[in-house]
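Following: one structure in structure tokens, then a few remarks.
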Amino acid sequence: MKVICIGRNYRDHAVELGNEVPTEPVFFLKPTTACLYPGQIIRMKPHLGEIHHELELVVMVDSYASNVPTSMALGLVASFTLGLDLTARTVQNELKARGLPWEKAKAFDGSAVLGEVELPMTAGTDLQGYEIQLKRNGNLVQQGHTRDMIFTVADIIAHVSRYITLEPGDLIFTGTPAGVGPIEHGDLLEGFLNGNCVLRVDVE
Ligand code: MG
197 MKVICIGRNY RDHAVELGNE VPTEPVFFLK PTTACLYPGQ IIRMKPHLGE IHHELELVVM
257 VDSYASNVPT SMALGLVASF TLGLDLTART VQNELKARGL PWEKAKAFDG SAVLGEVELP
317 MTAGTDLQGY EIQLKRNGNL VQQGHTRDMI FTVADIIAHV SRYITLEPGD LIFTGTPAGV
377 GPIEHGDLLE GFLNGNCVLR VDVE
């Protein structure tokens with residue numbers, strides 16, 4: 197099992213960080229040790245500096261696949277939820293400035309926070325039809341709609357599977373909309389999918 201993350205998949209977020217809008221999906225990986233499961237707590241680590249929340253739609257695939265045509269890609273999705281792609285932003289900015297890989301800023305323990313409610317894919321599910329919202333201590337900090345993804349979930353699966361074989365249980369974080377920002381000790385973070393809370397995590 198692995199965690200695949202898409203970067204810069206919403207125009208407004210690419211712009212807020214001063215990045216170019218990509219012409220093909222940008223992806224990177226997190227190890228399984230990055231997963232923070234429901235009921236666990238985000239523990240701040242001083243050596244990582246400022247940690248940003250990035251709320252994202254997360255899909256889980258349930259079969260082995262490579263070179264998947266876009267038209268068949270959604271058939272691999274078993275379920276979906278929300279997640280937080282936690283990012284050590286200061287560290288990431290330093291690495292980006294030096295042209296180095298991002299792992300130290302993106303793949304640390306607990307950096308892939310997963311929602312507690314896993315929704316099954318059904319015939320009527322439209323993954324591009326969800327409003328996603330993040331509240332920090334009850335205040336709305338991120339809001340976006342999956343129709344605004346630059347690359348759809350199907351595009352992402354097709355693209356990634358040209359390079360990396362997908363395996364049962366793989367998770368794909370599909371990118372974050374604008375509004376990323378720091379988290380702090382004592383925060384409560386809550387993620388909403390079309391108004392339903394599916395992610396709830398405390399920061400210690
Ligand atoms: Mg992200």
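Under our numbering, think of the first position of the sequence shown as 197, with each following residue one higher. Glycine is no exception: its CB is placed at the ideal position from the N, C-alpha and C atoms. Every value quoted in this text rests on a predicted model; they were computed, and no experiment measured them.
Residues near residue i in its chain [Cβ-Cβ closer than 6 Å; skip 5 each side]
{"i": "H355", "result": "P221"}
{"i": "Q288", "result": "W298, A301"}
{"i": "E400", "result": "I237, R239"}
{"i": "R207", "result": "V217"}
{"i": "A269", "result": "A350, I353, A354"}
Whether residue i touches residue j by CB criterion (9 Å)
{"i": "N392", "j": "V313", "result": "yes"}
{"i": "L389", "j": "L278", "result": "yes"}
{"i": "I247", "j": "L225", "result": "no"}
{"i": "V257", "j": "I368", "result": "yes"}
{"i": "L291", "j": "S307", "result": "no"}
{"i": "G320", "j": "R343", "result": "no"}
{"i": "G295", "j": "R332", "result": "no"}
{"i": "F347", "j": "N215", "result": "no"}
{"i": "E212", "j": "G340", "result": "no"}
{"i": "P227", "j": "K198", "result": "yes"}
Sequence-distant residues of its chain with Cβ nearer than 8 Å to residue i (five each side left out)
{"i": "V264", "result": "L272, I353, A354, S357, L362"}
{"i": "P316", "result": "A274, S275"}
Spatial neighbours of residue i in its chain, beta-carbon cut-off 7 Å, leaving aside the 5 residues before and after
{"i": "L251", "result": "L278, L280, I328, L330, Q338, T372, G387"}
Contact belief for residue i with residue j at Cβ below 8 Å, rounded distance in angstroms
{"i": "G334", "j": "L395", "result": "Actually they do not touch by this definition, with Cβ atoms about 15 Å apart."}
{"i": "V255", "j": "V349", "result": "6 Å"}
Residues bridged to residue i (per DSSP)
{"i": "R294", "result": "Partner(s): none; R294 has no beta bridge."}
{"i": "L270", "result": "Paired residue(s): none; L270 is not in a bridge."}
{"i": "E252", "result": "G279"}
{"i": "F223", "result": "I202"}
Q.
Please output, in chain order, the residues near the ligand MG using a CB cut-off of less than 5 Å to any non-hydrogen atom of the ligand.
A. Every residue whose beta carbon comes nearer than 5 Å to a heavy atom of the ligand MG appears here in chain order: E250, D281, T372.
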